[in-house]
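Engineer:
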Amino acid sequence: MIMDGLFCYGCCKQNDIHSPYVIIYESLFCYGLVYRLKSISKPEREALVGLPGVSGLSTEQRKRLTITIEVVGSPSIIFMDEPTSGLNARTAAIVMRTVRSIVDTGRTIVCTIHQPSIDVFEAFDELFILKRGGREIYGGSSGHHCNHLIEYFERIEGVGKIKDRHNLTAWMLEVTTSAREMDLNVDFADIYTNSELHS
Numbered sequence: 005m006i007m008d009g010l011f012c013y014g015c016c017k018q019n020d021i022h023s024p025y026v027i028i029y030e031s032l033f034c035y036g037l038v039y040r041l042k043s044i045s046k047p048e049r050e051a052l053v054g055l056p057g058v059s060g061l062s063t064e065q066r067k068r069l070t071i072t073i074e075v076v077g078s079p080s081i082i083f084m085d086e087p088t089s090g091l092n093a094r095t096a097a098i099v100m101r102t103v104r105s106i107v108d109t110g111r112t113i114v115c116t117i118h119q120p121s122i123d124v125f126e127a128f129d130e131l132f133i134l135k136r137g138g139r140e141i142y143g144g145s146s147g148h149h150c151n152h153l154i155e156y157f158e159r160i161e162g163v164g165k166i167k168d169r170h171n172l173t174a175w176m177l178e179v180t181t182s183a184r185e186m187d188l189n190v191d192f193a194d195i196y197t198n199s200e201l202h203s
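When you line the sequence shown up against the working numbering, it's residues 5 to 203, in that order.
(1) Taking just the CA atoms, how far does GLY143 sit from PHE157?
(2) Go ahead and pull the three-state DSSP assignment for LEU201.
(3) May I ask which residues mark the beginning and end of the beta strand (DSSP E) holding GLU130?
(4) How about ILE141 and ALA183: are their beta carbons less than 7 Å apart?
(5) Using the rule of at least 16 other Cβ atoms within 10 Å of the residue's Cβ for burial, across every protein chain shown, is PRO120 buried or exposed?
(6) Suppose the cutoff is 8 Å on Cβ atoms and the five residues either side in sequence are ignored; what does the same chain contact list for TYR196 look like?
(7) Of the residues THR181, ARG68, PHE128, LEU69, which one's Cα is nearest the Cα of ILE113?
(8) When the Cα atoms are used, what is the spatial distance from GLU74 to ILE82?
(9) Going by Cα to Cα distance, which pick from MET84, HIS148, ILE122, ARG66 is closest to ALA93?
(10) Let's see if you can read the secondary structure: which residues bound the alpha helix (DSSP H) around ILE71?
(11) Report the rounded CA-to-CA distance for GLU126 versus VAL99, giving the unit in angstroms.
(12) Can you tell me where the beta strand (DSSP E) holding VAL114 begins and where it ends?
(13) Quick one: grab the DSSP three-state call for TYR196.
(14) Is it buried or exposed, GLY60, if we count other Cβ atoms within 10 angstroms and call 16 or more buried?
(15) From what residue to what residue does the beta strand (DSSP E) around SER145 run?
(16) Which one of GLN65, ASN189, ARG136 has the shortest CA to CA distance from GLU161?
Next comes the structure, spelled out in structure tokens:
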């Protein structure tokens, strides 16, 4: 967590950096967060962080510890780099439910993420999608079940409709590749720049 006098913000990096030789209580104590531990049971507080993949906390638990360390300082905005990296679909969904519950308290969270499952996609209120090279191809509300995102791309001539039960991430990767742009003779970044979403 960083405080510059006016703003307080947190940053959760992709790789969780915790000492493997301390317990959760000590990890939080280092950040001056012990006074907020009343809701955490004694066995949980005394669990050893351990080495990733060897002992101690699971990858999901390590992610949640990283997020907890940033959240308890009550920052108004939190930046998260790949919060689901290294997690399977089930644990990624658990972490994203945690993130969603934090957002529901009024905090802003900005995440970088690639190839999310539909459950992860649906955790976001707003999406900002970049194509290779870093150019923006979508920015706006995701909508219920990502319907705003889907409708936007389906309106582009030649893209076609997403098939029932088709993975949204796979579809997005299929329809927005540079090869697909060449086939359709379009530039998705230019289309977005000229759209009502961009204004």
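Virtual Cβ for every residue (Gly too), placed ideally from N, Cα, C. Just so we're clear, the structure is a prediction, and the values are computed from it rather than from any experiment.
Structural biologist: The relevant details are as follows:
(1) Here the C-alpha atom of PHE157 lies approximately 12 Å from the C-alpha atom of GLY143.
(2) coil
(3) 130-134
(4) no
(5) buried
(6) GLU140, ILE141, TYR142, GLY143, HIS202
(7) PHE128
(8) 8 Å
(9) Put simply, of MET84, HIS148, ILE122, ARG66 the residue whose alpha carbon is nearest the alpha carbon of ALA93 is ILE122.
(10) Looking at the DSSP string, the run of the alpha helix (DSSP H) that includes ILE71 is 63-75.
(11) Between GLU126 and VAL99, the C-alpha separation is close to 13 Å.
(12) 112-116
(13) helix
(14) buried
(15) 140-145
(16) ASN189
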